[in-house]
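According to the UniProt record's numbering, the stretch in the sequence shown is residues 1 to 563, in order.
Ideal Cβ placement from N, Cα and C applies to all residues, glycine included.
The structure under discussion appears below in the form of structure tokens.
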Amino acid sequence: MLTFFYQRKKTALASLLIIAGLTASLWACRSQNTASSEPDADPEAGESYLHITKLSPDAPYDVDTALEHKLIDAGQFDETNRLFDVWAWETFIALNWPLEADGKPKSSISDEGKRKWEFWKESFEVFKDDGSKPTVWNGKKELSGKLSALVKRPAMEDTLILFRTSALSGLVAKTTKKGHHVFVRDSADEVNQAFTSPIWDQHGNEVRYEIRMGRQEVEYIVQNELYNIDGQVKFSKAGNKVTFPSGDVTKEGSIELKLAWKILVKDVDDPNRYLSKPAYVYERDGSFHLAYVGLIGMHISAKTVSSPQWMWATFEQIDNLETNPLEKVKGKPLQPSFYDPSSLSPVNLIPDTTAKVIKNQIQRVLPIPGATAALNKQVRALLKTNKSFLQYYQLIGTQWPTRPSAAPYSDTTVYKLPDAVVNKAGGYPTPTYLTNMIMETYFQGATTSGSNPLSAEEVVAIQKALMTNPVNKAPTTGTTYNYMIGNEPAFYQMPNFPKNKDISNTHTVIFGTESCVGCHSSAGIASDIIKTSGNTDSVVYNTATAAGDFEWLLQLKAHRKRP
Numbered sequence: 001m002l003t004f005f006y007q008r009k010k011t012a013l014a015s016l017l018i019i020a021g022l023t024a025s026l027w028a029c030r031s032q033n034t035a036s037s038e039p040d041a042d043p044e045a046g047e048s049y050l051h052i053t054k055l056s057p058d059a060p061y062d063v064d065t066a067l068e069h070k071l072i073d074a075g076q077f078d079e080t081n082r083l084f085d086v087w088a089w090e091t092f093i094a095l096n097w098p099l100e101a102d103g104k105p106k107s108s109i110s111d112e113g114k115r116k117w118e119f120w121k122e123s124f125e126v127f128k129d130d131g132s133k134p135t136v137w138n139g140k141k142e143l144s145g146k147l148s149a150l151v152k153r154p155a156m157e158d159t160l161i162l163f164r165t166s167a168l169s170g171l172v173a174k175t176t177k178k179g180h181h182v183f184v185r186d187s188a189d190e191v192n193q194a195f196t197s198p199i200w201d202q203h204g205n206e207v208r209y210e211i212r213m214g215r216q217e218v219e220y221i222v223q224n225e226l227y228n229i230d231g232q233v234k235f236s237k238a239g240n241k242v243t244f245p246s247g248d249v250t251k252e253g254s255i256e257l258k259l260a261w262k263i264l265v266k267d268v269d270d271p272n273r274y275l276s277k278p279a280y281v282y283e284r285d286g287s288f289h290l291a292y293v294g295l296i297g298m299h300i301s302a303k304t305v306s307s308p309q310w311m312w313a314t315f316e317q318i319d320n321l322e323t324n325p326l327e328k329v330k331g332k333p334l335q336p337s338f339y340d341p342s343s344l345s346p347v348n349l350i351p352d353t354t355a356k357v358i359k360n361q362i363q364r365v366l367p368i369p370g371a372t373a374a375l376n377k378q379v380r381a382l383l384k385t386n387k388s389f390l391q392y393y394q395l396i397g398t399q400w401p402t403r404p405s406a407a408p409y410s411d412t413t414v415y416k417l418p419d420a421v422v423n424k425a426g427g428y429p430t431p432t433y434l435t436n437m438i439m440e441t442y443f444q445g446a447t448t449s450g451s452n453p454l455s456a457e458e459v460v461a462i463q464k465a466l467m468t469n470p471v472n473k474a475p476t477t478g479t480t481y482n483y484m485i486g487n488e489p490a491f492y493q494m495p496n497f498p499k500n501k502d503i504s505n506t507h508t509v510i511f512g513t514e515s516c517v518g519c520h521s522s523a524g525i526a527s528d529i530i531k532t533s534g535n536t537d538s539v540v541y542n543t544a545t546a547a548g549d550f551e552w553l554l555q556l557k558a559h560r561k562r563p
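Have a look at this one:
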């Protein structure tokens, strides 16, 4: 993992800071492999900005940029990173603070009530099936198409509606004879997780996802008619560039959440260890049922003054992958939701869907950094003292740009390493890789071959190929990457997957999983509508780096406007 400093001045001192940052990063990677996820104590002392000492429903919308620059200039990279981790926890707490019906925070975080994010728009309310204009921010929840029947349910306004088993999905890429890059909407893909496949817990229940959007983001989309494809084309042809509002310490900018939920099994899962709620769970056959669900993952992305490439923080419920079996639930050992220690099944692969009980084996590839784990312990202890279920969640990491003004890597003739990988999104983000194991399960290495996930058989073939290949290069054909430890050819981590260009660099075997900002930098916006075979309309997308300002929903969820 390579880490780069935010260079504010081209001085000898700045050069020394970069070298120091790289050295510290390499040692950090080394220590991550041996660090406990629950360190005995947080060793930092002194500066208050390194800690969270009280819980609050109010969180800053950005880090203190003056303090950030001061720390970077002083060569204190780890302290700078802590600023962003503290921001992540403060934001997570504020978003999950219970509110009164009028939106004012309740006195205690342990009180019952709707959480702040529950007052936000769900993505289907913004990107409607008929492409029509969304209702005003505080308007009644609107459903369209196959979900409209649920409106008649009396508990509709206070009950979650979980119909996605996909964090991001919706389009299949195709190329026309004239070379236009178009996308065709694939309704079947609505049952897949983040461009690949669903995941199942150890009881065979599929995970459901939802996306919530903050007010500034929604209002920008509505004002520019980006909620439908026709409006996006008009916006693009007028020469406009998607630029979502940025927040600062006191002013809210664009914020978006992705949430993952599991069905809680009676007498197995302890609802007190989750943010748990009733939900209408929509099934693939068009039916739905009322279930009790628990939050198992949350992505937070925020566009701010400090981070024009957005800040990315991700949380998981602590029982997802490992538990202490000495803890009991109804007299039975507490078991991980997505891992069976006694199973020999391969990890992080699509499970056998013909099995009587379909279930995933999920294992973390990148350890939680030691400093982040220390902060987790500190904050979770504070939450426990305040009797909040949030004590059962942990920050996996926070990704932010170290050099916000740095343009994305753009030389498509020579893919120089490491820049072509670590800076594909611009801003030289740190860490290079950050994933949530419940939302990007199948992105823990070279897990795709073309657009299809690798099977267990392909993984075996990959391992054998690498063992017989004496050089640190991947052949130009075939799937020859060691998925199990995340080794893959570098082109998998480069813009547009340039596997047939600059072979000496693009086929160098590197370590890779996935990156929040790296993935979202590929998000595009509709730029034209053309006629293709059969005289059908196809949408052309501008997929240049950051064309959609790191927002996938514009490309994946917008529909044509109906007459």
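Between the CA atoms of residue j and residue i - distance to the nearest angstrom
i      : j      : result
Phe77  : Leu67  : 12 Å
Asn228 : Ser132 : 7 Å
Phe328 : Thr80  : According to the sequence displayed, residue 328 carries Lys and not Phe. Near 39 Å, if we compare the C-alpha coordinates of Thr80 and Lys328.
Leu226 : Val540 : 15 Å
Val509 : Ala490 : 6 Å
Arg403 : Pro429 : 8 Å
Ala101 : Trp137 : 15 Å
Thr543 : Ser107 : 46 Å
Thr159 : Leu264 : 16 Å
Thr243 : Asp549 : 6 Å
Asp269 : Arg115 : 22 Å
Tyr433 : Thr441 : 14 Å
Ser56  : Gln317 : 21 Å
Gln378 : Ile93  : 14 Å
Pro278 : Gly331 : 25 Å
Chain-order list of residues whose beta-carbon lies under 8 Å from that of residue i (same chain, five-residue window excluded)
i      : result
Glu112 : Pro98
Pro351 : Trp200, Ser345, Ile358, Lys359, Asn360 and Gln361
Pro498 : Thr412, Tyr415, Phe491 and Thr506
Residue i, DSSP secondary structure in three states
i           : result
Thr430      : strand
Arg208      : strand
Ala374      : helix
Ser504      : helix
Asn542      : strand
Glu122      : strand
Pro308      : coil
Arg115      : strand
Gly512      : coil
Phe550      : coil
residue 569 : The shown model of the chain, from 1 to 563, leaves out residue 569, and the question about it has no answer.
Ala94       : helix
Ala66       : helix
Tyr492      : helix
His203      : coil
Val347      : coil
Lys328      : strand
Leu160      : strand
Gln399      : strand
Gly137      : Note that residue 137 is Trp in the sequence shown, not Gly. Here Trp137 sits in coil by DSSP.
Ile130      : A small correction: the amino acid at residue 130 is Asp; Ile does not occupy that position in the sequence shown. Three-state result, Asp130: coil.
Own chain residues within Cβ distance below 6 Å of residue i, not counting five before or after
i           : result
Pro60       : Val249
residue 589 : With the chain covering 1 to 563 only, the question about residue 589 has no answer from this structure.
residue 565 : The shown model of the chain, from 1 to 563, leaves out residue 565, and the question about it has no answer.
Leu554      : Leu226, Ile525 and Gly548
Cys516      : Trp312, Gln399 and Leu434
residue 615 : Because the chain here runs from 1 to 563, residue 615 falls outside it and cannot be looked at.
Gln363      : Val347
Leu334      : Thr323 and Glu327
Reference residue i; option with closest CA among the options
i      : options                           : result
Val207 : Lys237, Leu295, Asp62 and Thr159  : Leu295
Glu322 : Pro341, Glu47 and Gln555          : Pro341
Ser522 : Met494, Ser533 and Val281         : Met494
Ala260 : Pro198, Ala302, Pro418 and Lys377 : Pro198
Glu551 : Ser504, Ser301, Asn240 and Leu382 : Ser301
Arg562 : Gly231, Asn96, Asp64 and Ile221   : Gly231
Ser405 : Val421, Ile52, Glu90 and Val305   : Val305
Asn224 : Glu210, Leu257 and Asn240         : Asn240
Thr91  : Gly426, Asp129, Val222 and Glu252 : Glu252
Glu256 : Trp117, Tyr339, Ala420 and Pro336 : Trp117
Neighbourhood of residue i by C-beta distance below 7 Å, restricted to the same chain and skipping five residues each side
i     : result
Asp85 : Thr372, Leu375, Leu395 and Thr398
Item checked: Three or more C-beta pairs below 8 Å linking the segment 212-223 and the segment 364-377 -> no
Checklist line | Three CB pairs or more closer than 8 Å across the segment 383-400 and the segment 263-281 | finding: yes
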